[in-house]
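First up is the structure itself, then whatever we jot down about it.
In the working numbering, the protein residues as written are 662 to 930.
See the structure below:
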């Protein structure tokens, strides 16, 4: 099973990804988290890891190597989806080289790549690698791949979501976040992916939660549950500490139930 988490920058996608992974692990799932956000560097410590794994970009020969593959596709007038940047046609989660995955208590982390310096160029090679990795990775019944997508919607243009079982959006209390959630729902449908709904995040009061839920539902976006604003999450982020699920356990279980129901539904439903 493969689940993508989307949303605007700063909405708390990585926080929700870490909470989702912890709850899936509690239910006996083996979880592989894929960090596909080229700018956010903090996911590894949220998961309780001491350091991030080497980026898959290196395993694929580096960013310049992928760019050469893409340029060849353009000169041959071929869609970049026809070009392969990974040597194998498929692989399982336990076949990833140790240097490129870090595990802690049944939760693993894979990092696609990061922007490290000025004038490095666009993130297109990372999007291409994300799409191909998700297409080729195979999961058993007790395994879940959870993808922390880059902010915004550009990844839909690259077809990253075409190989996942469900898409969920994280929405914070802002009009920008709400309108983006509506757009993500439409784009997920166009990509052939199932849209599970929205997790409300950084909700500071019942009134704010009700207004955010109403704004989403007026746009046809189902609100799954609301994660209240937690000062300890903010402080943990400043100190690089792993997230503690217990303060929001009920809210997390609620949205996990919802997204699993969507992801596990028979094809065609």
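For glycine and all other residues, C-beta sits at the position ideal for the given N, C-alpha and C.
This one's a predicted model, so the numbers in the text were calculated from it and none came from an experiment.
Judged by their CB atoms, residue 753 and residue 800 are nearer to each other than the 9 Å cut-off. Residues of the same chain with a CB within less than 8 Å of the CB of residue 771, apart from the 5 flanking positions on each side, are 693, 694, 695, 696, 714, 717, 757, 761, 762 and 794 in chain order. Counting C-beta atoms within 10 angstroms of its own C-beta, residue 786 has 16 or more neighbours from the protein chains shown and is therefore classed as buried.
Taking 9 Å as the cut-off, the Cβ atoms of residue 834 and residue 888 do not count as close. Of the candidates 798, 666 and 704, 704 places its Cα closest to the Cα of residue 899. By the CB criterion at 9 Å, residue 805 and residue 664 fall inside the cutoff. Setting aside the 5 residues that flank it on each side, residue 883 is surrounded in the same chain by 858, each with a C-beta closer than 6 Å to its C-beta; the list follows chain order. Counting along the chain, residue 897 sits inside the alpha helix (DSSP H) bounded by residues 892-900. Between residue 680 and the set 671, 773 and 768, the nearest pair of CA atoms involves 768. With a beta-carbon spacing of about 7 Å, residue 894 and residue 904 fall inside the 8 Å limit used to define contacts. For residue 888, the three-state secondary structure derived from DSSP is strand.
Residue 829 has 666 and 858 as its beta-bridge partners, per DSSP.
The beta carbon of residue 914 lies closer than 7 Å to those of 684 in the same chain, with the five residues before and after it left out. DSSP places residue 808 in the strand class (E or B) of the three-state scheme. Cβ-Cβ separation between residue 860 and residue 829: approximately 6 Å, consistent with a contact (criterion under 8 Å). Beta-bridge annotation (DSSP): residue 752 is paired with 798.
In terms of Cα proximity to residue 854, the closest of 832, 874 and 824 is 824.
CA-to-CA, the gap between residue 881 and residue 672 works out to about 19 Å. The Cβ-Cβ distance between residue 841 and residue 813 falls below 9 Å.
Residue 883 sits in coil when the DSSP states are folded into three classes, being neither helix nor strand.
Rounded to whole angstroms, the gap between the alpha carbons of residue 848 and residue 927 is 21 Å.
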